[in-house]
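Shown next, in structure tokens, is the structure this report addresses.
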Amino acid sequence: ELNHASIIESCKLAGAKVSIYKHNDMDDLNKKLQQKGKNKFVITEGIFSMDGDFSKLKEITEIAEKSKAITILDDAHGDFVVGIDGKGTPNHFNVTKKIDLYISSLSKGLGSFGGYVSSQNNVIDLCINKSKSFIYTSALPSFLVEYSLKRFESNREKQRKKLENNTNLLSKGLRQIGYQIDSKTHIIPIIVGKEKIAMNFGEFLFKKGVFVQPIRYPTVPKNKARLRISITAWLSRKDINVTLAIFEQAAKKFKI
């Protein structure tokens, strides 16, 4: 239900019959998979980009397997960030071998540009030869490919642990101030409701030296406007303390 717009558009381009199950509702997913259909695919994000919550990937793969459906995972926000050595959401939930088609971005956790698909050789060959959106897109510059490959080979566990620690510190601090924080990942939304409040909130933070993107309709539903905090491993303890102090000022100003 909360899959990224790129997934929705891809389904439209494919001309597939789309059935949307309720967000992380496994009963509804199971019910939808009982519908008639020759080839069935279950498509989900690993970490949802607006709420920062994990998909129920273990349960999803089990249900898909029972229904003989192909599991496609968009792990743009989980790859290089969660799992041992940043191996992504499937590693985090120990279901790597149950993902049939793994799609990810090089521009999020890796800090590069572009994206990639990982699957069986025959699936990759099909994508290369049949995917018009791939065929008619310019190839990535060679220096970006080389940079990305070297980052793939590097030991990312130290940075991953630093990011995890920063996430825990900031989340805990925000809760102590009084913000309602439900996210368990590096994407932390603060839902303020009104779009004008979100824009003013973001402007206040920016003037204080903290960049947090306000998110509003149509990216999120009306009256669900929010500030989406994206934490990085490069933040120092001092950076986090300063950020928390400014968020405390904002809480008083906007009566959050």
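Using my numbering, the letters of the sequence shown correspond one by one to residues 22 to 277.
C-beta atoms are modelled at their ideal positions from N, C-alpha and C, and glycine is treated no differently.
Note that the coordinates shown come from a computational prediction; the quantities given were computed from them, not determined experimentally.
Proximity of the segment 180-200 to the segment 91-108 meets the contact definition, three or more beta-carbon pairs being nearer than 8 angstroms. Under the DSSP assignment, Pro111 falls in the alpha helix (DSSP H) whose first and last residues are 110-113.
For the pair Ser257 and Asn187, the Cα-to-Cα distance works out to about 8 angstroms. Less than 8 angstroms separates the beta-carbon of Tyr42 from that of Glu22.
Out of Asp121, Ala272, Phe155, Met71, the CA that lies nearest to the CA of Leu78 is found in Asp121. Sequence-distant Cβ neighbours of Lys229 in its own chain, meaning closer than 6 angstroms and more than five residues away, are Ile267.
Every alpha helix (DSSP H) of 4 residues or more that sits fully in the segment 165-227 is shown, in chain order, as 178-198. A distance of 8 angstroms or more separates the beta carbons of Ile28 and Leu50. Comparing alpha carbon positions, the residue from Tyr200, Ile124, Leu195, Gly214 closest to Asp96 is Ile124. In the structure shown, Asp49 falls within a helical segment according to DSSP collapsed to helix, strand and coil.
With distances taken between CA atoms, Tyr168 lies nearest to Gly135 out of Gly135, Arg196, Tyr200, Asn150. The shortest CA-to-CA distance from Ile93 to any of Cys32, Leu165, Lys153, Ser128 is the one to Cys32.
Cβ neighbours of Ala254 within its own chain (closer than 8 angstroms, five residues either side excluded): Gln180, Arg181, Lys183, Leu184, Asn187. Straight across, the Cα-Cα distance linking Arg196 with Lys53 is about 37 angstroms. Between the C-alpha atoms of Phe225 and Ala37 there is a straight-line separation of about 44 angstroms. Going by DSSP, Leu265 is part of the alpha helix (DSSP H) stretching over 258-275.
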